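Chains A and B supply the protein sequences, listed in that same order. Going letter by letter, the first sequence gives residues 3 to 267 in the working numbering. Going letter by letter, the second sequence gives residues 3 to 489 in the working numbering. Every residue gets a Cβ at the ideal spot worked out from N, C-alpha and C, and that includes glycine. Model, not experiment: these values are computed from the prediction.
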Amino acid sequence: MYDQPALEKKLDNDTIKIAASGVQVYYGEAHAIKDVNVQIQDKTVTAFIGPSGCGKSTFLRTLNRMNDTIDICRVEGKILLDGEDIYDPRVDPVQLRAKVGMVFQKPNPFPKSIYDNVAYGPRIHGLAKNKADLDEIVEKALRRGAIWNEVKDRLHAPGTGLSGGQQQRLCIARAVATEPEVLLMDEPCSALDPIATSQVEELIDELRTNYSVVIVTHSMQQAARVSQKTAFFHLGNLVEFGDTSQIFTNPKDPRTESYITGRIG
Amino acid sequence: MPASWIFLIVVVLAAIGYVLARGRALASAQGDSRHLHSLPSYYGMNAALLTAIPALILLGLWLIAQPVFVEKRAEAFIPADAYESAGQLSLMMSDVHRIAAGLDAAVAQGVLTEAAVTRLSAADDVRGQLGKVGVALGSDVDAAELEAARSFRSLSHTGDLIRDGLVVLLALAGFGWALKQTNKDFRARNAVEKVIKGLLVLAASLAILTTVGIVLSLLFNTVEFFKLYPAKDFFFGLTWSPSFGGGSELGILPLLWGTLYISLIALLVAVPLGLFAAIYLSEYASPAIRGIAKPLIEVLAGIPTIVYGLFALVTIGPLLMKAFGEQGGLGWMAGGTAVMTAGLAMGIMLIPFVSSLSDDIINAVPQSLRDGSLGLGATKSETIKQVVLPAALPGIVGAVLLAASRAIGETMIVVMGAGAAAKLSLNPFDAMTTVTAKIVSQLTGDADFASPEALVAFSLGMSLFVITLALNIFALWIVRKYREQYE
């Protein structure tokens, strides 16, 4: 029924990259995330699945404090990145986001050239010593984004002129260019066709060798294909978290089973 | 019968048509409106529109055409050697109008009979007789004028009669035709909607035609001006010194310089302030502050420009004098009215214009771009500087150009704040004047309308119109070009 999970590749690293404990998120009065505990491993793809409105995107956005931009949003609990609390008042959310990159649901290239899109992060964080250095960073990022061959001859054409799938890979390249340690992806393939989706999925598998990747997805097949760990959210609760193969073949919670067999959601 | 009566008759006919056609349609469906093609009121509307619209259009056209025709015929009675210029003829013709009106009044009051009017000759004391019925004439009536007035009267009367008859006939024809059409299968709704659509098109084209008319009237007078005054001296002349006695120099350059200088200062004030206000309001302000501050800034846009002029005159001017005038020790400024005074006031006037347009444009930048930038670890300020503003820039440029064309067309602030001297000077504390202010001064007062000194106002207006039009088109082009960028 499902594609074979990508479990054959042995997880290289068992260190815990992000540890969340007792996380509560409120939007004004609404209690969006209820007491979530989850540990995300380094060099692993972790998938968040669940029906719409279950809080998986909200939880993803707490991991790099993107929720700070929403006035009415309030986060409680502890989220540790490499053992440091990211909600500590001494932490600068701007620096945190440089370490925890994010790719969004809809491709959102800036209205700049392809080159400038990718160079944006390195320029802001001063990662390049000179022009040649920056060129190298951009090329490396575009290669990692699996889009170099398509755009190498038109680096100075506007990024908005690319197709949807190319735009999304450009956005991934842009996120990779700042050398993050964790990459958060919020339904990165929901606006893409099947071919572009499979390209992006291959890319995610590639990225796993360097980063810890957290992906929110609506497609259970996609979760099964790309992830090693899966977390199932329902109504703001983390229902079940475990190895992808176990979640899809032998779920412990009846709600998880109902969801993956298509009875709820 | 006066035209207003005819109008009333047509309207009453239309109302009767509405009631009759509605009843007829219902009767043809045996009183059950479900058997009708359209709702009963559509049948009524159809009859009312068919009765009123053609008749009213005819009435309107007739009211415009008849005076022109009658005037031409009456003019023919005035011998060509009795006047020297078109102006003199029009003076005589206004006498003729008064005589005709006087004769009408005399007949109405019973002082003269119709037969007596036809027997009247220039030898009779026409002036005295008309004086008795309350129509005072400036001079005695000569034979030609009397003849013209009589012909004017009779032609007008005949014309009015034919008009009344035709209009009522047309209304009745429409009335009858509509009633004949009306039965349960007639598609009244489609017919009515077609007419409504026609009326909408008419409204839209009237607005456009008016614009064309304005341009044409400017254009004809401009051409008239260039017949009297060489275009080269107008466009390239460095001196503006009109004198109605003749021998005036009418160069546009000093005025254009004043206009551009004042506009430039106004934009230097308005663009940074407006833009920063817009950035604060759209990116940083909390909803509560935004809710208070935005309407407050927009109140500035509702202040009449004459009030800004007063503000310039009584507040800004004296303040500048204190700082840059004799009192301040610098002595750059000779009087309170100066380019700087008007420019500052105009700048304040333009702030809400720039800020509310820019605010809309900045808000139109998709949130996903901001998220993308923040997600890469950019600060809010970096995001605004490097993503939001570049994305909004073409729109902001468009807003600035629109503000510029308002600044160029502004009059009252300049009249009150900048002085009246047309000067080519670089000193922003000098008094200067603008194209608009000079249009006002050339056309007000008792100027001879055929002299270049008065006609120059039209070519000034035309030049201004072309400049602002070009700016607006440029601005719209930029705004439109940028719209495609996110999609």
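>> List, in chain order, every chain B residue whose beta-carbon is nearer than 9 Å to that of MET68 (chain A).
In response: Within chain B, the residues near MET68 (chain A) are ASP373, LEU376, GLY377.
>> Within 8 Å of any Cβ in chain A, is that where the Cβ of VAL389 (chain B) sits?
In response: It does: the Cβ of VAL389 (chain B) has a partner Cβ on chain A nearer than 8 Å.
> What does GLU384 (chain B) touch in chain A if you count any residue whose Cβ is under 7 Å from its own?
Replying inline: Those are ILE126, listed as they occur along chain A.
>> Does chain A have any CB closer than 8 Å to the CB of ALA295 (chain B)?
In response: Cβ-Cβ to chain A under 8 Å: no for ALA295 (chain B).
>> Helix, strand or coil, according to DSSP, for ASN239 (chain A) in the structure here?
In response: Strand.
>> Is the separation between the beta-carbon of GLN41 (chain A) and that of THR17 (chain A) shorter than 8 Å?
In response: No, the Cβ-Cβ distance between GLN41 (chain A) and THR17 (chain A) is not below 8 Å.
> By the 10 Å Cβ neighbour count, where 16 or more other Cβ atoms means buried, how is ILE216 (chain B) classified, buried or exposed?
Replying inline: Exposed: under 16 other Cβ atoms inside 10 Å.
> What does MET104 (chain A) reach in chain E if we use C-beta pairs closer than 7 Å?
Replying inline: Included in the structure are the protein chains A and B, with no chain E among them.
> What whole-angstrom Cβ distance do ALA49 (chain B) and ALA84 (chain B) have, given they're in contact under 8 Å?
Replying inline: With 8 Å as the limit, ALA49 (chain B) and ALA84 (chain B) do not qualify as a contact, their Cβ atoms being about 54 Å apart.
> So, is the C-beta of THR470 (chain B) closer than 8 Å to a C-beta in chain A?
Replying inline: So, not an interface residue.
> DSSP beta-bridge partners for ASP87 (chain A)?
Replying inline: DSSP output for ASP87 (chain A) lists A:LEU82 as bridge partner(s).
>> For a contact defined as C-beta to C-beta under 8 Å, what are the partners of SER207 (chain B) on chain A?
In response: Here the premise fails: no neighbours, minimum Cβ distance about 39 Å.
> Do you know offhand how far TYR282 (chain B)'s Cα is from GLY264 (chain A)'s?
Replying inline: Spanning the two alpha carbons is a distance of roughly 48 Å.
>> Rounded to whole angstroms, what is the Cα-Cα separation between SER112 (chain B) and GLY133 (chain B)?
In response: The amino acid occupying residue 112 (chain B) in the given sequence is Gly; Ser does not appear at that position. Approximately 14 Å, taken between the alpha carbons.
> ALA16 (chain B): which of B:ALA279, B:ALA452, B:GLY176, B:PHE228 sits nearest, CA to CA?
Replying inline: Comparing Cα positions, the closest option is B:GLY176.
>> Which of the three DSSP states is assigned to GLY147 (chain A) in this structure?
In response: Reduced to three states, the DSSP call for GLY147 (chain A) is coil.
>> Counting only Cβ-Cβ distances shorter than 8 Å, please list the residues of the region 345–370 of chain B near chain A, keeping chain order.
In response: Result list: PRO368, SER370.
>> Taking only three categories from DSSP, how would you classify PRO53 (chain A)?
In response: PRO53 (chain A) falls in the coil class under three-state DSSP.
> Does ALA380 (chain B) come within less than 8 Å of chain A when only Cβ atoms are used?
Replying inline: Judged by the 8 Å Cβ criterion, ALA380 (chain B) is in contact with chain A.
> Looking only at DSSP bridge pairs, what is GLU251 (chain B) linked to?
Replying inline: Within the DSSP secondary-structure output, GLU251 (chain B) pairs in a beta bridge with B:SER243.
> If you draw a straight line from the C-alpha of ASP127 (chain B) to the C-alpha of PHE236 (chain B), how long is it?
Replying inline: Between ASP127 (chain B) and PHE236 (chain B), the C-alpha separation is close to 52 Å.
>> Does any residue of chain B have a CB that is nearer than 8 Å to the CB of ASN252 (chain A)?
In response: ASN252 (chain A) has a beta carbon lying at 8 Å or more from every beta carbon in chain B.
>> Quick check: is the beta carbon of ALA314 (chain B) nearer than 8 Å to any beta carbon in chain A?
In response: No, no contact with chain A.
>> Quick test of your reading: GLU251 (chain B) and TRP242 (chain B), contact by CB under 8 Å. State the CB separation rounded to the nearest angstrom.
In response: Contact between GLU251 (chain B) and TRP242 (chain B) is confirmed by a C-beta separation of about 7 Å, below the 8 Å threshold.
> For the ligand GTP, any of its heavy atoms closer than 7 Å to the Cβ of LEU204 (chain B)?
Replying inline: Summarising the ligand content, the structure contains no ligands, and the ligand GTP is consequently not present.
> Taking all protein chains shown into account, do 16 or more other C-beta atoms lie within 10 angstroms of the C-beta of SER141 (chain B), making it buried, or fewer, making it exposed?
Replying inline: For SER141 (chain B), the number of other beta carbons within 10 angstroms of its own is below 16, and it is reported as exposed.
> Using a C-beta to C-beta distance shorter than 7 Å, which residues of chain A count as neighbours of PRO244 (chain B)?
Replying inline: Within chain A, no residue comes near PRO244 (chain B); the closest Cβ sits about 52 Å away, beyond 7 Å.
> Quick one: is TYR117 (chain A) near chain B, going by C-beta distance under 8 Å?
Replying inline: For TYR117 (chain A), no Cβ of chain B is located within less than 8 Å of the residue's own Cβ.
>> What does the alpha-carbon distance come out to for the pair ARG171 (chain A) and VAL389 (chain B)?
In response: Inter-residue distance for ARG171 (chain A) and VAL389 (chain B) is about 19 Å (C-alpha atoms, whole angstroms).
> For the region 42–53 of chain B, which residues have a beta carbon sitting closer than 8 Å to at least one beta carbon of chain A?
Replying inline: Within the region 42–53 of chain B, no residue has a Cβ that lies closer than 8 Å to any Cβ of chain A.
>> Using a Cβ-Cβ cutoff of less than 8 Å, which residues in the same chain neighbour ARG99 (chain A) once the five nearest sequence positions on both sides are dropped?
In response: Only residues of its own chain outside the window of five on either side were considered, and among them ASN66, ARG67, MET68 have a CB closer than 8 Å to the CB of ARG99 (chain A), listed in chain order.
> Under the three-state reduction of DSSP, which class applies to GLY200 (chain B): helix, strand or coil?
Replying inline: For GLY200 (chain B), the three-state secondary structure derived from DSSP is helix.
>> Using the three-state DSSP reduction, which class does ASP16 (chain A) fall into: helix, strand or coil?
In response: In this structure, ASP16 (chain A) counts as coil in the three-state DSSP scheme.
> Considering GLN41 (chain A), what are the terminal residues of the alpha helix (DSSP H) in which it resides?
Replying inline: Run containing GLN41 (chain A): none in the alpha helix (DSSP H); it sits in the beta strand (DSSP E), 32–43.
> Is the shortest distance between the beta-carbon of GLN168 (chain A) and the beta-carbons of chain B less than 8 Å?
Replying inline: So no, GLN168 (chain A) is outside the interface.
> If we count the other Cβ atoms within 10 Å of its Cβ and call it buried at 16 or more, is ARG372 (chain B) buried or exposed?
Replying inline: It is buried - the Cβ of ARG372 (chain B) has at least 16 other Cβ atoms within 10 Å.
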